[in-house]
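Position one of the sequence shown corresponds to residue 174 (the numbering used here), numbered consecutively onward.
The beta-carbon is built from N, C-alpha and C at its ideal position, and this holds for glycine as well.
Presented below is the structure to which this report refers.
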Amino acid sequence: MAATDNTITERDVMVGVSSRVSAEVVSGLTEGERIVVGIKVPDAPKRPATQVKGAATPPGTGMPPGGFGGPR
174 MAATDNTITE RDVMVGVSSR VSAEVVSGLT EGERIVVGIK VPDAPKRPAT QVKGAATPPG
234 TGMPPGGFGG PR
């Protein structure tokens, strides 16, 4: 829970029905309380991509032609 002075207090809650985008909190919070659902972490410094020698797939070792194995 996030207090009005922007401090954060950890609290146990009971979750009911949930999906990838929402969750029902059935106990542990009071309507109107502010919550923290994630923490924003600063991005890591950007580094240029480097190729490791020998990391490429050798010729002739990829997927065979024809997709997913033909008709069923």
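Measure from the alpha carbon of M187 to the alpha carbon of each residue in I181, N179, A196, then state which is nearest. Checked all of I181, N179, A196; the closest Cα to M187 is A196.
Where does V210 fall in DSSP's three states? If DSSP states are grouped into helix, strand and coil, V210 belongs with coil.
Reduced DSSP secondary structure (H/G/I, E/B, other) of V250: Residue 250 falls outside the range modelled here, since the chain spans only 174 to 245, and no answer is possible.
Could you confirm whether any beta carbon from chain C is found closer than 8 Å to the beta carbon of T177? Chain labels in this structure do not include chain C; a single protein chain is all it has.
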